[in-house]
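Participant: I am attaching a structure below and will ask some questions about it afterwards.
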Amino acid sequence: MSRIWTYSKGEVSPEDGEVVAEFPVPLTVNGREIATLVASPHDLNYLVAGFMRLQGFVSSSDDFELFSVCKDFGAANVRIKGELPVALKPFLTSGCGTGITFTLPAALKVSSENRFTPEQILFLMDSLAKQADRYRTHGGIHSAAVGDGERMILYAEDLGRHNTVDRIAGEALFKGIDLSGLMMVTSGRVSTEMAAKAAQLGIALIASRTSPTDMAVKLCEESGITLIGYVRGGRFQIYSYPDRVQLPLPKIAGVAGAILAGGQSSRMGRNKALLPIHGRPIIEEIYRKMAGLFKEVVIVTNSPEDYAFLPCPKIPDIHMGKGSMAGVHAALEWSPEERIFVVACDMPFLDPIAVRAFAARLDCETALVPCTDGGFEPLHSFYSKKIAHLLDEALQADRPKILDLLQTLDTRFIPADEVARISPGFRSFINLNRPEEYDAIGG
Numbered sequence: 000m001s002r003i004w005t006y007s008k009g010e011v012s013p014e015d016g017e018v019v020a021e022f023p024v025p026l027t028v029n030g031r032e033i034a035t036l037v038a039s040p041h042d043l044n045y046l047v048a049g050f051m052r053l054q055g056f057v058s059s060s061d062d063f064e065l066f067s068v069c070k071d072f073g074a075a076n077v078r079i080k081g082e083l084p085v086a087l088k089p090f091l092t093s094g095c096g097t098g099i100t101f102t103l104p105a106a107l108k109v110s111s112e113n114r115f116t117p118e119q120i121l122f123l124m125d126s127l128a129k130q131a132d133r134y135r136t137h138g139g140i141h142s143a144a145v146g147d148g149e150r151m152i153l154y155a156e157d158l159g160r161h162n163t164v165d166r167i168a169g170e171a172l173f174k175g176i177d178l179s180g181l182m183m184v185t186s187g188r189v190s191t192e193m194a195a196k197a198a199q200l201g202i203a204l205i206a207s208r209t210s211p212t213d214m215a216v217k218l219c220e221e222s223g224i225t226l227i228g229y230v231r232g233g234r235f236q237i238y239s240y241p242d243r244v245q246l247p248l249p250k251i252a253g254v255a256g257a258i259l260a261g262g263q264s265s266r267m268g269r270n271k272a273l274l275p276i277h278g279r280p281i282i283e284e285i286y287r288k289m290a291g292l293f294k295e296v297v298i299v300t301n302s303p304e305d306y307a308f309l310p311c312p313k314i315p316d317i318h319m320g321k322g323s324m325a326g327v328h329a330a331l332e333w334s335p336e337e338r339i340f341v342v343a344c345d346m347p348f349l350d351p352i353a354v355r356a357f358a359a360r361l362d363c364e365t366a367l368v369p370c371t372d373g374g375f376e377p378l379h380s381f382y383s384k385k386i387a388h389l390l391d392e393a394l395q396a397d398r399p400k401i402l403d404l405l406q407t408l409d410t411r412f413i414p415a416d417e418v419a420r421i422s423p424g425f426r427s428f429i430n431l432n433r434p435e436e437y438d439a440i441g442g
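When we follow numbering that gives the first Met the number 0, the leftmost residue of the sequence shown carries the number 0, and every step to the right adds one.
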């Protein structure tokens, strides 16, 4: 039995469980070691005999002069009639498209102690599945990807799961991408050889949709790699270094999140909320961050069908055609909490750490609005439900400018120099209005 940690619903709990056994059998034929067979530990005599037969070394049991398979020592010693060819082609040592190997990999120490949240792990695995669906023309193909917790950096697919790692290593080599400290996700089982390849690349965490082997667990423990399996349905199992899975912070109490997606995107020329960034629509990137911050998140939109792929409520403006103030008003009327945090749908670099820092400054004000070098940021701000009726009155009176109203309320403005310390370069506030702005971020 092995100690395994299960992550589910924001908690990690230890338990004892079985791990698939991976058994190496060095094969010596006529005094010459020709390969290491990596397999399950049962009926090894059949495995060795079948391997010899299918390589064309024997055609009947009479061709064996000596046949010894010792499970205790993990070795097979065979003598056959005749001689082996002088030049042997390398042998594939296990199924599923493994790499070519003659000796077992040694553990390499990964120096990185990067930590990843469950949300980041699940997000990259989900990104892998969506990327595979996009490119796959038929079944039976393995895939793998590496990411930094915020985005997928490289993706590969191949008939063999090991080959996907080789492809990623090769692409990174040609493109000059340092993979050390990154996270790798794979559709296939993590074996010793895959773990060794990840260690060579400096990968800090490996996650799979299925289970790892026992030897892969051991190698990851020796190498300092966090190993995760059975990533499915919002949960997973941790086989090594569970302390490096960073559990999510509590949701911000008393605040609901609102994403405003009601603009016409006239300057962009197309719906900017759906522009891809890191392989996902911008609004999906924003929603993922908002869902990590708030228990309840809503999208204010008059085109809910455009965002059906996001698992949250969509509500329309109550006052149609009145701009962003109408969106804030609709969100306040909807909110089950006493406050809302509002963000525009075109802010791809929304920083959860910055949002938490601003939330920590909340007191008795009816609105908390950060300032940047460009002025006030009302669409990256907190609002109290107490002002919902005031917004309603202003909208009915056709006074839809939210900044004008904020000047008359108990609004606290956070100075730009203070905001700059929280969000260097005001990165969390970057919004996209024109095609050249989108092109500049490399979407």
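Here a beta-carbon is modelled for each residue, glycine too, at the ideal position from N, C-alpha and C.
Just to confirm the assignment: which complete alpha helix (DSSP H) runs, minimum length 4, are found wholly within the stretch 281 to 337?
Facilitator: Segments of the alpha helix (DSSP H) lying fully in the stretch 281 to 337: 281 to 292, 323 to 333.
Participant: What is the rounded straight-line gap between the Cα of Ser210 and the Cα of Ser179?
Facilitator: To locate residue 210, count along the sequence shown from 1; it is residue 211. To locate residue 179, count along the sequence shown from 1; it is residue 180. For Ser210 and Ser179, the distance between alpha carbons rounds to 23 Å.
Participant: If you draw a straight line from the alpha carbon of Gly55 to that of Leu36, how long is it in whole angstroms?
Facilitator: For this step, residue 55 is matched to residue 56 along the sequence shown. For this step, residue 36 is matched to residue 37 along the sequence shown. Cα-Cα distance, rounded: 16 Å.
Participant: Just the C-alpha distance for Ile3 and Asn76, rounded to the nearest angstrom, thanks.
Facilitator: On the sequence shown, position 4 is the one that residue 3 refers to. On the sequence shown, position 77 is the one that residue 76 refers to. Cα to Cα, Ile3 sits roughly 36 Å from Asn76.
Participant: Write down every uninterrupted run of the alpha helix (DSSP H) in the stretch 182 to 257 whose length is 4 residues or greater and which is fully enclosed by it, in chain order.
Facilitator: Whole alpha helix (DSSP H) segments, 4+ residues: 191 to 200, 213 to 222.
Participant: Do you know how far the Cα of Leu402 is from the Cα of Ala330?
Facilitator: To locate residue 330, count along the sequence shown from 1; it is residue 331. To locate residue 402, count along the sequence shown from 1; it is residue 403. Taking the straight line joining both Cα atoms gives about 17 Å.
Participant: Taking His328 as the reference, give the member of Lys8, Pro312, Asp391 with the closest Cα.
Facilitator: Counting from one through the sequence shown, the residue named residue 328 turns up at place 329. Looking at the Cα atoms, Asp391 is the closest of the given residues.
Participant: On the three-state DSSP scale, how would you describe Gly169?
Facilitator: Translated into positions along the sequence shown, residue 169 becomes position 170. Gly169 falls in the helix class under three-state DSSP.
Participant: Helix, strand or coil, according to DSSP, for His41 in the structure here?
Facilitator: The residue given as residue 41 occupies position 42 in the sequence shown. Here His41 sits in coil by DSSP.
Participant: May I have the straight-line CA-CA distance separating Thr100 from Glu221, to the nearest angstrom?
Facilitator: As a working note, residue 100 is residue 101 in the sequence shown. As a working note, residue 221 is residue 222 in the sequence shown. Annotation note: pLDDT 45 at Thr100 (below 50); position unreliable, coordinate value reported separately. Computed Cα separation, rounded: 20 Å.
Participant: By Cβ distance below 6 Å, which residues in the same chain neighbour Pro399 in space, the five residues on each side in sequence not counted?
Facilitator: Taking the sequence shown and counting its residues from 1, the one referred to as residue 399 is at position 400. Contacts found: Lys321, Gly322, Met324.
Participant: If we count the other Cβ atoms within 10 Å of its Cβ and call it buried at 16 or more, is Glu21 buried or exposed?
Facilitator: For the purposes of this step, residue 21 is taken as the residue at position 22 of the sequence shown. It is buried - the Cβ of Glu21 has at least 16 other Cβ atoms within 10 Å.
Participant: For Thr410 versus Leu367, is the C-beta distance shorter than 9 Å?
Facilitator: Here residue 410 is taken as the residue at index 411 of the sequence shown, counted from 1. Here residue 367 is taken as the residue at index 368 of the sequence shown, counted from 1. In contact: Thr410 and Leu367 (Cβ atoms closer than 9 Å).
Participant: On the criterion of 16 or more Cβ atoms from any shown chain inside 10 Å, does Cys445 qualify as buried, or is it exposed?
Facilitator: Outside the displayed span of the chain (0 to 442) sits residue 445, for which this structure offers no information.
Participant: Quick one: what's Leu436 bridged to in DSSP?
Facilitator: The count along the sequence shown starts at 1 and reaches residue 436 at position 437. In the sequence on display, residue 436 carries Glu and not Leu. Partner(s): none; Glu436 has no beta bridge.
Participant: Leaving out five residues before and five after Ile429 in sequence, what residues of the same chain have Cβ atoms less than 8 Å from its Cβ?
Facilitator: Sequence index remark: in the sequence shown, residue 429 carries index 430 (1-based). Result list for Ile429: Met346, Pro347, Phe348, Ile440, in chain order.
Participant: Look up Asp409 in the DSSP assignment and say whether it is helix, strand or coil.
Facilitator: Start at 1 with the first residue of the sequence shown, and residue 409 comes out as number 410. Of the three classes helix, strand and coil, the one that applies to Asp409 here is coil, per DSSP.
Participant: Where does Tyr382 land, buried or exposed, given buried means 16+ other C-beta within 10 angstroms?
Facilitator: On the sequence shown, position 383 is the one that residue 382 refers to. Its Cβ being crowded by 16 or more others within 10 Å, Tyr382 is buried.
Participant: Can you list, in chain order, the residues of its chain whose CB lies under 6 Å from that of Ser67, leaving out five sequence neighbours each side?
Facilitator: The count along the sequence shown starts at 1 and reaches residue 67 at position 68. Correct list, in chain order: Asn76.
Participant: Going by C-alpha distance, which of Tyr437, His388, Pro369 is nearest Asp416?
Facilitator: Your numbering for residue 416 matches position 417 in the sequence shown. Among Tyr437, His388, Pro369, the Cα nearest to that of Asp416 is on Pro369.
Participant: Quick check on DSSP: helix, strand or coil for Ile352?
Facilitator: Indexing the sequence shown from 1 puts residue 352 at position 353. Looking at Ile352 - three-state DSSP - the assignment turns out to be helix.
Participant: So, using beta-carbon positions, are Val158 and Ile176 closer together than 9 Å?
Facilitator: Position 159 of the sequence shown, counted from the start, is the residue given in the question as residue 158. Position 177 of the sequence shown, counted from the start, is the residue given in the question as residue 176. Position check: residue 158 holds Leu in this sequence, whereas Val was assumed. Going by C-beta atoms, Leu158 is not nearer than 9 Å to Ile176.
Participant: For Ala143, which of helix, strand or coil comes out of DSSP?
Facilitator: If you number the sequence shown from 1, residue 143 lands on position 144. DSSP places Ala143 in strand when its eight states are reduced to three.
Participant: Report yes or no: do the stretch 298 to 307 and the stretch 232 to 239 share at least 3 C-beta pairs separated by less than 8 Å?
Facilitator: Taking 8 Å as the limit for Cβ pairs, the verdict is that the stretch 232 to 239 does not touch the stretch 298 to 307.
Participant: For Leu431, which residues in the same chain have their Cβ closer than 6 Å to its Cβ, ignoring the five residues on either side in sequence?
Facilitator: Within the sequence shown, numbered from 1, the residue matching residue 431 stands at position 432. These residues qualify, in order along the chain: Lys271, Asp345, Tyr437.
Participant: Use the C-beta contact count for Ser142: other C-beta atoms within 10 angstroms, 16 or more gives buried, fewer gives exposed.
Facilitator: For the purposes of this step, residue 142 is taken as the residue at position 143 of the sequence shown. The residue in question, Ser142, is buried, as its Cβ has 16 or more Cβ neighbours within 10 Å.
Participant: Drop a sphere of 10 angstroms on the beta-carbon of Asp42, count the other beta-carbons inside from all chains shown, and report buried for 16 or more, exposed for fewer.
Facilitator: Counting from 1 along the sequence shown, the entry for residue 42 is found at position 43. The residue in question, Asp42, is exposed, as its Cβ has fewer than 16 Cβ neighbours within 10 Å.
Participant: In three-state terms, what does DSSP make of Val164?
Facilitator: Position 165 of the sequence shown, counted from the first residue, corresponds to residue 164. Three-state DSSP puts Val164 in a helix.
Participant: Would you mind sorting Ile386 into buried or exposed? The rule is 16 or more other CB atoms within 10 Å of its CB.
Facilitator: The sequence position of residue 386 within the sequence shown is 387, counting from 1. Label assigned to Ile386: buried.
Participant: Among the residues of its own chain, which have a CB less than 6 Å from the CB of Ala425, if the five just before and after it don't count?
Facilitator: Numbered from its first residue, the sequence shown carries residue 425 at position 426. Per the sequence shown, the amino acid found at residue 425 is Phe instead of Ala. Excluding sequence neighbours, Phe425 sits near Thr371.
Participant: For Gly96, which residues from the same chain have a beta carbon less than 8 Å from its beta carbon, with the 5 sequence-adjacent residues on both sides left out?
Facilitator: In the sequence shown, counting from the first residue as 1, residue 96 sits at position 97. Any reading at Gly96 needs caution, since the residue's pLDDT is 40, under 50, leaving its predicted position unreliable; the model's value is listed next. For Gly96, where only same-chain residues beyond five positions count, the Cβ hits under 8 Å are His141, Asp157, Leu158, Gly159, Arg160, His161, Asn162.
Participant: Counting along the chain, where does the beta strand (DSSP E) carrying Leu65 start and finish?
Facilitator: Here residue 65 corresponds to residue number 66 of the sequence shown, with the count starting at 1. Segment 63 to 69, the beta strand (DSSP E) holding Leu65.
Participant: Is the stretch 193 to 211 in contact with the stretch 119 to 134, if contact means three or more CB pairs nearer than 8 Å?
Facilitator: The stretch 193 to 211 vs the stretch 119 to 134: in contact.
Participant: Do Ala203 and Asn113 have their C-beta atoms closer together than 9 Å?
Facilitator: Working through the sequence shown from its first residue, we reach residue 203 at position 204. Working through the sequence shown from its first residue, we reach residue 113 at position 114. The answer is yes: Cβ separation under 9 Å.
Participant: Quick one, which of Thr185, Ile120, Gly73, Gly30 has its alpha-carbon nearest Leu246's?
Facilitator: Position 247 of the sequence shown, counting from 1, holds the residue named residue 246. For the residues Thr185, Ile120, Gly73, Gly30, the minimum Cα distance to Leu246 belongs to Ile120.
Participant: Use the C-beta contact count for Gly81: other C-beta atoms within 10 angstroms, 16 or more gives buried, fewer gives exposed.
Facilitator: Counted from its first residue, the sequence shown places residue 81 at position 82. Burial call: exposed.
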